[in-house]
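Asks: Starting off with a structure, shown below.
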Amino acid sequence: MKTQRSFIALLCLVSVSLIPANGKTTPQPANMIVHLENGTEKTIGLRVSNLRQLRTTVSIADLNGTPWFKDYAHKENSYSKKLDLASLPSGDYLLRVQNEKETFVQAFAVQGPELVFFQATQPEPGNSPSKTAVYRKYGNSRLISRFFVYDELRVGIQLSNVLDPKTRVQLHAPDGTVLFSSETGEDVGYAKKFNLAGLGSGTYYFTIRSNDLLQVQFFHMKKETILLGERQVREMEIAAPGMVVN
0 MKTQRSFIAL
10 LCLVSVSLIP
20 ANGKTTPQPA
30 NMIVHLENGT
40 EKTIGLRVSN
50 LRQLRTTVSI
60 ADLNGTPWFK
70 DYAHKENSYS
80 KKLDLASLPS
90 GDYLLRVQNE
100 KETFVQAFAV
110 QGPELVFFQA
120 TQPEPGNSPS
130 KTAVYRKYGN
140 SRLISRFFVY
150 DELRVGIQLS
160 NVLDPKTRVQ
170 LHAPDGTVLF
180 SSETGEDVGY
190 AKKFNLAGLG
200 SGTYYFTIRS
210 NDLLQVQFFH
220 MKKETILLGE
230 RQVREMEIAA
240 PGMVVN
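Under numbering that gives the first Met the number 0, the first residue of the sequence shown carries the number 0, and numbering increases by one thereafter.
So this is what it looks like as structure tokens:
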């Protein structure tokens with residue numbers, strides 16, 4: 000049984016139609032669309048459409064930025080490739096599809112012969128998801144996570160119900176470089192603010208690793224503006240092949 004997932008890229012603007020003076024509708028280019036598929040083998044079938052002939056990079060790196068694969072599409076409207084990942088050691092990775100307009104990132108885990116996508120999760124309702132996102136419990140984890148944007152250049156994280164004193168919080172640059180790393184210690188709560196002034200545009204991310212859950216929270220900085228992106232998670236006991244990724 001295969002696992003499939005289709006996406007709109009994380010940094011897309013909403014497509015709109017413009018009505019000019021002559022009354023005709025001029026459709027705007029569609030956003031980049033990514034479709035992923037994996038079976039029981041350590042492979043990922045990748046199809047990308049609506050590239051608009053932009054030079055697009057497809058890459059795989061581990062969470063700390065060590066590169067494992069890179070390819071390019073140039074002056075093409077689509078890209079398709081079966082990625083053979085048999086040589087990847089067990090660990091957690093990011094598949095990234097990126098051009099000057101959009102960025103798509105999907106986390107996945109490899110453990111022995113198994114490969115599984117991280118699950119995208121929805122924050123609790125009642126907040127502005129691009130500025131504040133709260134997540135309560137996932138699977139067996141009781142951890143409550145809150146991510147927020149303070150202003151144009153500062154982001155923050157708050158954790159509660161921290162039951163594992165070795166829970167590690169890391170902030171990563173777009174290339175995976177670890178900008179900050181600490182353990183939560185014995186306290187059941189944790190809070191930290193980060194000033195990103197002076198850093199360049201790109202898709203940054205937090206990783207929060209406890210004994211029962213690994214979270215990757217993306218956020219996007221462009222022209223000194225920060226927006227929260229998607230959170231992707233996996234339970235530390237890897238899921239069985241054939242799981243459905245929603």
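Glycine included, each C-beta is placed from N, C-alpha and C at the ideal position.
Hey, out of 199, 201 and 165, whose CA is closest to residue 207's CA?
Replies: Along the sequence shown, one-based indexing puts residue 207 at 208. Comparing Cα positions, the closest option is 165.
Asks: Does the structure place the region 94 to 104 close enough to the region 52 to 68 that three or more beta carbon pairs sit under 8 Å?
Replies: yes
Asks: Using only alpha-carbon positions, find the residue among 219, 204 and 221 that is nearest to residue 213.
Replies: Position 214 of the sequence shown, counted from the first residue, corresponds to residue 213. Here the closest residue by C-alpha is 204.
Asks: Counting only the same chain and skipping the five closest in sequence on each side, list residues whose C-beta sits under 8 Å from that of residue 168.
Replies: As a first step, residue 168 must be located in the sequence shown, where it is residue number 169. Closer than 8 Å at the Cβ level, and outside the excluded window around residue 168, lie 156, 158, 179, 180, 181, 182, 183, 189, 191, 205, 206 and 207.
Asks: If the criterion is Cβ atoms closer than 8 Å, does the pair residue 133 and residue 145 meet it?
Replies: Position 134 of the sequence shown, counted from the start, is the residue given in the question as residue 133. Position 146 of the sequence shown, counted from the start, is the residue given in the question as residue 145. Contact: yes.
Asks: Please go through the same chain and pick out, in chain order, the residues whose beta-carbon is closer than 6 Å to the beta-carbon of residue 163, but skip the five residues on each side of it.
Replies: Numbered from its first residue, the sequence shown carries residue 163 at position 164. Taken in chain order, the residues that qualify are 209 and 210.
Asks: Going by other Cβ atoms of all chains shown within 10 Å of its Cβ, with 16 needed for buried, is residue 199 buried or exposed?
Replies: Your numbering for residue 199 matches position 200 in the sequence shown. By the 10 Å Cβ count, residue 199 comes out exposed.
Asks: If I follow the unbroken beta strand (DSSP E) through residue 47, where does it start and stop?
Replies: The residue you call residue 47 lines up with position 48 of the sequence shown. Unbroken beta strand (DSSP E) run through residue 47: 42 to 48.
Asks: Starting from residue 144, follow its DSSP beta bridges and name the residues at the other end.
Replies: Walking along the sequence shown from the start, residue 144 turns up at place 145. Per DSSP, 134 and 158.
Asks: Give the single residue among 135, 225, 31 and 43 whose Cα lies nearest to the Cα of residue 160.
Replies: As a working note, residue 160 is residue 161 in the sequence shown. The option with the nearest alpha carbon to residue 160 is 135.
Asks: Beta-carbon within less than 6 Å of residue 106's beta-carbon, same chain only, minus the 5 sequence neighbours each way: which residues are those?
Replies: Taking the first residue of the sequence shown as position 1, residue 106 is located at position 107. So the qualifying residues of the chain are 93, 117, 215 and 231.
Asks: Would you report the Cα separation of residue 82 and residue 186, rounded to the nearest angstrom?
Replies: Looking up residue 82 in the sequence shown gives position 83. Looking up residue 186 in the sequence shown gives position 187. Going from the Cα of residue 82 to the Cα of residue 186 covers about 42 Å.
Asks: Helix or strand or just coil, what does DSSP make of residue 167?
Replies: Position 168 of the sequence shown, counted from the start, is the residue given in the question as residue 167. The answer is strand: DSSP assigns residue 167 an E or B state.
Asks: Quick check on residue 229: buried or exposed, where buried means 16 or more other Cβ atoms within 10 Å of its Cβ?
Replies: Within the sequence shown, residue 229 is the residue found at index 230, counting from 1. Residue 229 should be labelled buried.
Asks: Where residue 126 and residue 119 are concerned, what is the direct C-alpha to C-alpha distance, given to the nearest angstrom?
Replies: The residue you call residue 126 lines up with position 127 of the sequence shown. The residue you call residue 119 lines up with position 120 of the sequence shown. In a straight line, the C-alpha of residue 126 is about 18 Å away from that of residue 119.
Asks: Using the beta-carbon count (16 or more within 10 Å), is residue 219 buried or exposed?
Replies: Taking the first residue of the sequence shown as 1, we reach residue 219 at position 220. Under this definition residue 219 is a buried residue.
Asks: What did DSSP end up calling residue 183 once you bin it into helix, strand or coil?
Replies: Counting from 1 along the sequence shown, the entry for residue 183 is found at position 184. For residue 183, the secondary structure class from DSSP, reduced to helix, strand or coil, is coil.
Asks: Quick check on residue 194: does DSSP put it in helix, strand or coil?
Replies: Counted from its first residue, the sequence shown places residue 194 at position 195. Here residue 194 sits in strand by DSSP.
Asks: Between which two residues does the beta strand (DSSP E) containing residue 79 stretch?
Replies: Mapped onto the sequence shown, residue 79 falls at position 80. First-last of the beta strand (DSSP E) with residue 79: 77 to 83.
Asks: With 16 other CB atoms within 10 Å as the buried threshold, where does residue 37 fall?
Replies: Here residue 37 refers to the residue found at position 38 when the sequence shown is read from its first residue. Burial call: buried.
Asks: Per DSSP, what kind of secondary structure is residue 127 in: helix, strand or coil?
Replies: Translated into positions along the sequence shown, residue 127 becomes position 128. Of the three classes helix, strand and coil, the one that applies to residue 127 here is coil, per DSSP.
Asks: Taking the CB atoms as reference points, tell me whether residue 195 and residue 130 lie closer together than 8 Å.
Replies: As a position in the sequence shown, residue 195 is number 196, starting the count at 1. As a position in the sequence shown, residue 130 is number 131, starting the count at 1. Not a contact, by the Cβ cut-off of 8 Å.
Asks: If you draw a straight line from the alpha carbon of residue 103 to that of residue 84, how long is it in whole angstroms?
Replies: Residue 103 sits at position 104 when you count from the first residue of the sequence shown. Residue 84 sits at position 85 when you count from the first residue of the sequence shown. Using only the alpha carbons, I get a separation of about 19 Å.
Asks: Is the beta carbon of residue 48 sitting closer than 8 Å to the one on residue 32?
Replies: Here the question's residue 48 lines up with position 49 in the sequence shown. Here the question's residue 32 lines up with position 33 in the sequence shown. Yes, they are a contact pair.
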